[in-house]
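Mapping to our numbering: the sequence shown position 82 is 84, numbers consecutive.
The beta-carbon is built from N, C-alpha and C at its ideal position, and this holds for glycine as well.
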Amino acid sequence: MGWDLTNDLEKYVRVTTPFLRSDRAGNTVLLSVLETLKLHGANAYGENALFGWWRNGRGDVEGAFLQTPPRPLLLSAMPVRAARQLADAVPTHGITGVNADNEAAEVFANAWQLRTGIENRLQMRQRLYRLEHLVEPKPLPPGAPRLASDHDFPLIYKWFGAFRDEAAASGPVNAALVRSKVADRGIVLWDVDGTTVALVGRTRVIAGMTCISPVYTAPEHRRRGYGTAATAAMTRSALESADVVVLFTDLANPTSNSIYQHIGYRPVKDKVVLSFL
């Protein structure tokens with residue numbers, strides 16, 4: 003029983019995939035990051051990626067994490083004792099925060115403070131939603147959706163950066179990964195009279211699951227329903243190849259939490275991002 007840590011991506015995928023896929027919705031971020039690393043290499047998000055899994059007394063995997071510095075540790079759901087033990091298992095350098103279910107994040111952060119003396123601060127509270135059934139928004143705003151193309155890359159790259167800044171996310175935007183998302187038909191744009199006003203992306207379909215992200219509307223075009231309509235369009239497209247569609251919201255934004263429920267998304271669980279910087 004305990005944690006195994008490695009820098010070996012292939013071994014991590016081999017050991018943890020059955021566990022992670024047992025809760026596709028709950029582990030959507032871990033699964034999506036892993037898919038990107040498998041396609042683009044272990045350094046796709048930066049060097050020195052770290053992986054780990056926790057086994058119970060029977061030898062079954064009951065917890066997993068990964069870190070792509072300088073981003074926080076990304077934890078699956080896990081027993082409380084596993085989260086506590088993880089704080090003693092990882093290196094003391096390079097740990098900038100934790101992204102996990104509320105309980106696991108709190109347990110890890112408290113144990114981390116006991117070990118290092120470093121306190122945490124709240125970076126973001128998130129809620130995971132899963133599509134129950136798609137409800138088309140009515141009335142639709144002006145304009146129409148379209149798949150993004152290479153021609154749209156400069157604007158898309160700019161908006162990915164703006165989304166990252168508004169979300170106070172760690173790490174730079176990777177241009178190659180954005181181009182890959184465009185090539186994979188993973189970005190929908192909403193145009194009004196020849197002007198692009200909103201963007202919605204989604205992850206690759208993994209074991210029948212995809213995550214809608216990011217959702218971004220240009221500031222001057224907000225509160226007109228464009229983001230909601232584009233999200234519905236992307237959701238409709240995703241259902242052609244996925245049976246589980248999820249998305250995250252910032253709990254500090256009551257508008258987005260209400261909007262997504264209006265088009266058929268239902269709450270699954272809450273998560274928190276804590277920073278140690």
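Within the same chain, show all residues whose beta-carbon is closer than 6 Å to that of residue i, passing over the 5 residues directly before and after it, in chain order.
i: Leu279; result: Thr98
i: Ala220; result: Val199
i: Trp114; result: Ala89
i: Leu77; result: Phe67, Ala102 and Ala106
i: Thr230; result: Pro139 and Ile261
i: Ala85; result: Ala106, Val109 and Phe110
i: Val82; result: Val109
i: Leu39; result: Leu11 and Ala46
i: Phe165; result: Pro216 and Tyr218
i: Gly48; result: Thr70 and Pro71
i: Glu222; result: none
i: Ser258; result: Thr251
So is residue i in contact with chain D if we call contact Cβ pairs under 7 Å?
i: Gly59; result: Included in the structure is just one protein chain, with no chain D present.
Could you check where the beta strand (DSSP E) with residue i kicks off and where it finishes?
i: Thr219; result: Met211 to Thr219
i: Arg127; result: Arg123 to Leu133
i: His193; result: Note on identity: in this sequence residue 193 is Asp, with His being the wrong assignment. Here the beta strand (DSSP E) through Asp193 covers Ile189 to Val194.
i: Leu279; result: Segment: none, Leu279 is in no beta strand (DSSP E) and carries neither H nor E.
i: Val207; result: That residue, Val207, is in no beta strand (DSSP E); it is neither H nor E in DSSP.
i: Pro147; result: Ala146 to Leu149
i: Phe66; result: According to the sequence displayed, residue 66 carries Ala and not Phe. Note, Ala66: beta strand (DSSP E), Val63 to Gln69.
i: Val247; result: Val246 to Asp252
i: Gly266; result: Per DSSP, Gly266 belongs to no beta strand (DSSP E) and is neither H nor E.
i: Glu8; result: Looking at the sequence shown, residue 8 is not Glu but Thr. Element bounds for Thr8: Gly4 to Thr8.
i: Leu77; result: Leu75 to Leu77
i: Leu52; result: Leu52 to Arg57
Considering only their Cβ atoms, is the gap separating residue j from residue i smaller than 7 Å?
i: Gln69; j: Leu52; result: yes
i: Pro147; j: Ala91; result: no
i: Phe155; j: Val175; result: no
i: Glu12; j: Arg206; result: no
i: Pro143; j: Tyr267; result: no
i: Arg224; j: Thr212; result: no
i: Thr233; j: Val202; result: yes
i: Val274; j: Ala27; result: no
i: Ala178; j: Gly210; result: no
i: Met80; j: Gly65; result: yes
i: Arg16; j: Ser172; result: no
Got a sec? Which residues, its chain only, sit under 8 Å from residue i by beta carbon, not counting five neighbours each side?
i: Asp272; result: Asp103, Asn104, Arg127, Gln128, Arg129, Leu130 and Leu253
i: Asn50; result: Asn9, Pro71 and Gly96
i: Leu7; result: Leu52, Phe53, Gly54, Ala91 and Val92
i: Ile120; result: Trp114 and Phe278
i: Val180; result: Phe155, Ile158, Tyr159 and Phe162
i: Leu22; result: Asn29, Leu32, Leu33, Leu36, Ala66 and Ser78
Could you check where the alpha helix (DSSP H) with residue i kicks off and where it finishes?
i: Asp90; result: Val82 to Ala91
i: Asn104; result: Asn104 to Thr118
i: Ala232; result: Tyr228 to Ala240
i: Val15; result: Leu11 to Arg23
i: Arg166; result: Phe155 to Ala169
i: Val31; result: Thr30 to His42
i: Val137; result: Run containing Val137: none; DSSP gives neither H nor E here.
i: Leu179; result: Ala177 to Ala185
I'd like the list of long-range same chain contacts for residue i, defined as Cβ closer than 7 Å, with 5 residues on each side in sequence excluded.
i: Ile208; result: Leu33, Ser34 and Glu37
i: Arg117; result: Ala89 and Asp90
i: Arg226; result: Pro143
i: Leu157; result: Thr198
i: Val194; result: Pro144 and Gly145
i: Lys183; result: Ile189 and Gly203
Since residue i contacts residue j with CB under 8 Å, what's their CB separation in whole angstroms?
i: Thr30; j: Val248; result: 5 Å
i: Val100; j: Leu75; result: 5 Å
i: Thr237; j: Leu149; result: About 14 Å; that fails the 8 Å criterion.
i: Leu276; j: Asn122; result: 4 Å
I want to know whether the stretch 182–193 touches the stretch 11–30 - three or more CB-CB distances under 8 Å. no
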